[in-house]
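Participant:
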Amino acid sequence: MATTTIRPATTGDQAPRARRRNPQRPVWQERTSAPTQTAKSATIVGILLVIAFPLYSIALTSFSTQASINLAGGGLVVVPHGLTLNAYKLIASGGVVGRALLVSLALTAVGTALSMAVTILASYGLSRAGSFGHKTILWFMMITMFFNGGIIPLFLVVSALGGYDQYWALILPSAISVFNIIVMRAFFMNIAADLIDSARIDGASDWKILWRVVLPTSKAVTAVISLFYAVGYWNSWFNILLFMPTDSAKWPLQMVMYDYVTQGMAMPGSGITNTGQYVGNQQIAPLSLQMAVVTLTVVPILLVYPFVQKHFTKGVLIGAIKG
Amino acid sequence: MSAVTGKAAAAAAATSPPVRGARGVRGDGIPPGAGGSGGSPPRAIARWRKKLYRDRTLIVMTVPAAVLLLIFGYAPMLGLVMAFQNYDLYDGILHSPWAGFSNFQQLFTDPGFWQAFRNTVELFSVQLVISFPVPIALAILLDSVLSRRLRAFIQSVVTLPHFFSMVMVITIFNQVLGGAGLLDTFLRTHGVTNPPQIMTNPGLFKFLISGQLVWKEAGWGMIVYLAALAAISPSLYEAAAVDGANWRQRTWRITLPGLRPIMVLLLILNLGYALTFGFEQMLIQLSAVGPSAAQVITTFSYENGIVHGNYSYGAAAGLFLGVTSVILILAANKVAHLLGEDGLYRNRK
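Taken in sequence, the protein lines are chains U and A. Quick note on the working numbering: the first sequence kicks off at 74 and runs consecutively. Quick note on the working numbering: the second sequence kicks off at 124 and runs consecutively.
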């Protein structure tokens, strides 16, 4: 698809369309020769395929019957043959994956809300130039970006607090990223001071200024940082391995994916044994169930992606270009 | 890669001194001490307390974050004293017997540790050489696409994998390149009897992880370079074109020099995180390729400390990592400053 939209190929005299100058091309720039143009289009299509094709194939396999998987040599299905919703029906009927999906969604929602609340408060609290002790507090926070105790002391601290096998252990230890606080603080510092000063003169407290003035003018940065936190919670995996390694009934989706898909362990309640045979009368293709887990993990990201995507450049570059 | 950039730039912005007298600086309404700058101690204390009272709301706002960092950031730092103990789960940190430097002696004579050290350096270097130029090339390629909509579409596709977890990326790689994966089946059906085992070959592992990193992060890393490209003045290109410079010359003489500052910055910052890179990626694939290729210092610390329950030994490796990483980061910054870049924190002069 990219080949057709990219730019009319300059294939010489027989193509009248090729003679028209692309209005988007700067006047001084020469036209690209046909071979270069072809090579470039091919590269771009290749890059897009390398990313999109595995995703397509995985999603297709999750909807495929065992027969079509066998037809594909036991691996991912490329051409659709027999389609079925069995894998998703099994997941919807309860069991490990369905529960893990709900757990992951809940952890992400609660965690993101908590992280955002703490981050917004800290960012605003540190953003007013000349306020008491803000530099000290900022340094206190930034030190943790450069040095930390490492995995083992953290594990022992969380265990000592009773966090082993508890959901809060998957949220609190990584609830705030100092980096995000710094980004958001930089944003808050750039809000027109007049706006804040006039609110203060009108008698607004800092809480009110934050809620009524600062937050409404910082929607982009709030969106991007929420996305970063949400993706962080959704994708977090090592936390689970560390604090909840055995209690599979409590596992979020990433750990389910790691154990049953990446490691290929047997999934309890799926009717599928370790060797990929199914027992009882379940008619589920093991691979389709595994790929359904992968697909379910991608879908929420795809759903949120278009809405936040326009803010990425801002989010990545905050401060980077300014200095 | 770009997470590091952003971190750097933001940190630089954070530590820049507030401009005195600029608007937005909290007009404190507190009269300066009578003697001009200093003021007598009681007055200074009174001013201090007044300022503290005035800004109490702001300070309260930072408390939740500070408490979280105290518990999950600073308490583990204190817990690192266990590296000098023979930590026992039941005695705790207060009553475990002291061991002096014996854990470190054991560590530095442990062939497993040096294997992990070598692996870390080797995997990092190969990964850096392979994956560093890709976002740059990608940015230049995308920048040359004229259609705005097509550009936006390509960008959104290549950025997407950044938001996948490492578990997911490796699962996808498994399904495509692993045994019974897409490539494997394709080769088998086309007459290759013994297709290469890419996912489990220790010799190929460094290229495998580089490929995974490129697949996941190249699009995201590209965004910074695209912005840098947009900041290059078009009149430079125009003048060069008028003077007869062709596409290749313009790229070499204008585009790449324009990207140089950000390239240098990213490269140096990457070096600062050399020893701690790729923990999850290695841990997930450790069992598939074996420790001879995939064991790095971070996984070594985790395996000894958590999996084998040898807490003090793991913490010793962790402390080694922490200290060397800080040294690396500071050194990388020094180099950045010498090259006239801002680095992780700003050179205040």
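Quick reminder that beta carbons are idealized off the backbone N, C-alpha and C, glycines included.
Under 7 Å between C-beta atoms, does residue 98/U make it to chain A?
Facilitator: Taking the first residue of the first sequence as 1, we reach residue 98/U at position 25. Yes, residue 98/U lies at the interface with chain A (some Cβ there is under 7 Å from its Cβ).
Participant: Should residue 325/U go down as buried or exposed, given a rule of 16 or more other Cβ atoms within 10 Å for buried?
Facilitator: Taking the first sequence and counting its residues from 1, the one referred to as residue 325/U is at position 252. Buried, because 16 or more other Cβ atoms sit within 10 Å of the Cβ of residue 325/U.
Participant: How many Å lie between residue 76/A and residue 393/A at the Cα?
Facilitator: Because chain A here runs from 124 to 472, residue 76/A falls outside it and cannot be looked at.
Participant: Beta-carbon of residue 200/A versus every beta-carbon of chain U: anything under 7 Å?
Facilitator: Counted from its first residue, the second sequence places residue 200/A at position 77. Residue 200/A counts as touching chain U.
Participant: Is there at least one Cβ from chain A nearer than 7 Å to residue 195/U's Cβ?
Facilitator: On the first sequence, residue 195/U is found 122 positions in, with the first residue counted as 1. Closer than 7 Å to some Cβ of chain A, the Cβ of residue 195/U qualifies, so yes.
Participant: Going by beta-carbon coordinates alone, are residue 188/A and residue 191/U separated by less than 7 Å?
Facilitator: In the second sequence, counting from the first residue as 1, residue 188/A sits at position 65. In the first sequence, counting from the first residue as 1, residue 191/U sits at position 118. Yes; because the gap between Cβ atoms is below 7 Å, this pair is in contact.
Participant: Which value, in whole angstroms, describes the spacing of the CA atoms of residue 241/A and residue 219/A?
Facilitator: Taking the first residue of the second sequence as 1, we reach residue 241/A at position 118. Taking the first residue of the second sequence as 1, we reach residue 219/A at position 96. For residue 241/A and residue 219/A, the distance between alpha carbons rounds to 32 Å.
Participant: With DSSP collapsed to three states, give me the class of residue 149/U.
Facilitator: The residue given as residue 149/U occupies position 76 in the first sequence. In the structure shown, residue 149/U sits in coil (DSSP, three-state: anything other than H, G, I, E or B).
Participant: Taking residue 104/U as the reference, which of 436/A, 300/A, 298/A and 364/A has the closest Cα?
Facilitator: As a working mapping, residue 104/U is identified with position 31 in the first sequence. Closest by alpha carbon: 364/A.
Participant: Distance check for residue 334/U and residue 135/U, CA to CA, integer angstroms please.
Facilitator: For this step, residue 135/U is matched to residue 62 along the first sequence. For this step, residue 334/U is matched to residue 261 along the first sequence. The straight-line gap from Cα to Cα measures roughly 13 Å.
Participant: Please check if any C-beta of chain A sits within less than 7 Å of the C-beta of residue 205/U.
Facilitator: Taking the first residue of the first sequence as 1, we reach residue 205/U at position 132. Closer than 7 Å to some Cβ of chain A, the Cβ of residue 205/U qualifies, so yes.
Participant: According to DSSP, is residue 354/U part of a helix, a strand, or is it coil?
Facilitator: Counted from its first residue, the first sequence places residue 354/U at position 281. Interpretation of residue 354/U is limited by its pLDDT of 40, a score under 50 that renders its predicted location unreliable; the figure taken from the coordinates is listed afterwards. Note: residue 354/U maps to coil in three-state DSSP.
Participant: Can you give me, in chain order, the residues of the stretch 245-261 of chain U that have a beta carbon less than 7 Å from any beta carbon in chain A?
Facilitator: Those residues of the stretch 245-261 of chain U that come within reach of chain A (Cβ to Cβ, closer than 7 Å) are 245, 246, 248, 249, 252, 254, 255, 256, 258 and 259.
Participant: Check each residue of the stretch 229-242 of chain U: if its Cβ is closer than 7 Å to any Cβ of chain A, include it; give the result in chain order.
Facilitator: Taking 7 Å as the Cβ-Cβ cut-off against chain A, the residues of the stretch 229-242 of chain U that qualify are 229 and 230.
Participant: Within a Cβ cutoff of 7 Å, which residues of the same chain sit near residue 462/A, ignoring the five residues on either side of it in sequence?
Facilitator: As a working note, residue 462/A is residue 339 in the second sequence. Result list for residue 462/A: 387, in chain order.
Participant: What's the call for residue 369/A, buried or exposed, on a 16-neighbour Cβ count within 10 Å?
Facilitator: Translated into the one-based positions of the second sequence, residue 369/A becomes position 246. That one is exposed.
Participant: Does the CB of residue 275/U have a neighbour CB from chain A at under 7 Å?
Facilitator: Here residue 275/U corresponds to residue number 202 of the first sequence, with the count starting at 1. Chain A contact via Cβ: absent.
Participant: With 16 as the cutoff for other CB atoms within 10 Å, does residue 335/A come out buried or exposed?
Facilitator: The count along the second sequence starts at 1 and reaches residue 335/A at position 212. Buried, since its Cβ has 16 or more Cβ neighbours within 10 Å.
Participant: Is the Cβ of residue 232/A closer than 7 Å to any Cβ of chain U?
Facilitator: Counted from its first residue, the second sequence places residue 232/A at position 109. No, residue 232/A lies away from the interface with chain U (no Cβ there is under 7 Å from its Cβ).
Participant: Considering only residues of the same chain and omitting the five flanking positions on each side of residue 210/A, which have a CB-CB separation below 8 Å?
Facilitator: Here residue 210/A corresponds to residue number 87 of the second sequence, with the count starting at 1. So the qualifying residues of the chain are 216, 219, 434, 435 and 438.
Participant: Please report the straight-line C-alpha distance between residue 172/U and residue 366/U, rounded to a whole angstrom.
Facilitator: The residue labelled residue 172/U in the question sits at position 99 within the first sequence. The residue labelled residue 366/U in the question sits at position 293 within the first sequence. If you take the alpha carbons of residue 172/U and residue 366/U, they lie about 12 Å apart.
Participant: So, at 7 Å on beta carbons, what are the nonlocal neighbours of residue 145/A in its own chain, with the 5 sequence-adjacent residues on each side left out?
Facilitator: In the second sequence, counting from the first residue as 1, residue 145/A sits at position 22. Here residue 145/A scores only 43 on pLDDT, less than 50, and its place in the model is too uncertain to base an answer on.
Participant: DSSP has residue 156/U in a bridge; who is on the other side?
Facilitator: For this step, residue 156/U is matched to residue 83 along the first sequence. 137/U.
Participant: Determine the direct distance from the alpha carbon of residue 299/A to that of residue 293/A, and round the result to whole angstroms.
Facilitator: The residue you call residue 293/A lines up with position 170 of the second sequence. The residue you call residue 299/A lines up with position 176 of the second sequence. One C-alpha to the other measures close to 10 Å.
Participant: Identify every residue that forms a DSSP beta bridge with residue 278/A.
Facilitator: Counting from one through the second sequence, the residue named residue 278/A turns up at place 155. In DSSP, residue 278/A forms no bridge with anything.
Participant: Excluding five sequence neighbours on each side, which residues of the same chain lie with their C-beta closer than 6 Å to the C-beta of residue 221/A?
Facilitator: For the purposes of this step, residue 221/A is identified with residue 98 of the second sequence, where counting begins at 1. Closer than 6 Å at the Cβ level, and outside the excluded window around residue 221/A, lie 208.
Participant: By Cβ distance, which residues of its chain are closer than 6 Å to residue 347/U, with the 5 residues on each side in sequence left out?
Facilitator: Here residue 347/U refers to the residue found at position 274 when the first sequence is read from its first residue. Unreliable positioning characterises residue 347/U in this predicted model, as indicated by a pLDDT of 45, which lies under 50. The coordinate reading is nonetheless provided below. Closer than 6 Å at Cβ, skipping near neighbours: 339.
Participant: Spatial neighbours of residue 474/A within its chain, please: CB distance less than 7 Å, with the 5 preceding and 5 following residues excluded, ordered by chain position.
Facilitator: The structure shown does not extend to residue 474/A, since chain A spans only 124 to 472, so no value can be given for it.
Participant: Looking at residue 348/A and residue 262/A, is the spacing between their C-beta atoms short of 7 Å?
Facilitator: Translated into positions along the second sequence, residue 262/A becomes position 139. Translated into positions along the second sequence, residue 348/A becomes position 225. Their beta carbons are under 7 Å apart, which means residue 262/A touches residue 348/A by this criterion.
Participant: Taking 8 Å as the cut-off, does the stretch 168-181 of chain A touch the stretch 225-235 of chain U (at least 3 CB pairs, one atom from each stretch)?
Facilitator: No contact exists between the stretch 225-235 of chain U and the stretch 168-181 of chain A.
Participant: Between the stretch 342-361 of chain A and the stretch 269-289 of chain A, can you find at least three pairs of beta-carbon atoms closer than 8 Å?
Facilitator: The stretch 269-289 of chain A is in contact with the stretch 342-361 of chain A.
Participant: In the DSSP assignment, find the unbroken alpha helix (DSSP H) run with residue 270/A in it and report its ends.
Facilitator: Locating residue 270/A in the second sequence gives position 147, where the first residue counts as 1. Segment: none, residue 270/A is in no alpha helix (DSSP H) and carries neither H nor E.
Participant: Please look up how many angstroms separate the CB atoms of residue 351/A and residue 381/A, rounded, as I've assumed it's under 8 Å.
Facilitator: Taking the first residue of the second sequence as 1, we reach residue 351/A at position 228. Taking the first residue of the second sequence as 1, we reach residue 381/A at position 258. So it is a contact: roughly 7 Å between Cβ atoms.
Participant: Would you call the stretch 359-378 of chain U and the stretch 129-146 of chain U touching, i.e. three or more CB-CB distances under 8 Å?
Facilitator: Touching, per the Cβ criterion.
Participant: Quick check: the stretch 240-247 of chain U against the stretch 193-207 of chain U, are there 3 or more CB pairs under 8 Å?
Facilitator: Too few Cβ pairs lie closer than 8 Å, so no.
Participant: When the Cα of residue 316/A is compared with those of 323/A, 324/A, 322/A and 307/A, which residue comes out closest?
Facilitator: Numbered from 1 along the second sequence, position 193 holds the residue referred to as residue 316/A. The shortest Cα separation from residue 316/A among 323/A, 324/A, 322/A and 307/A belongs to 307/A.
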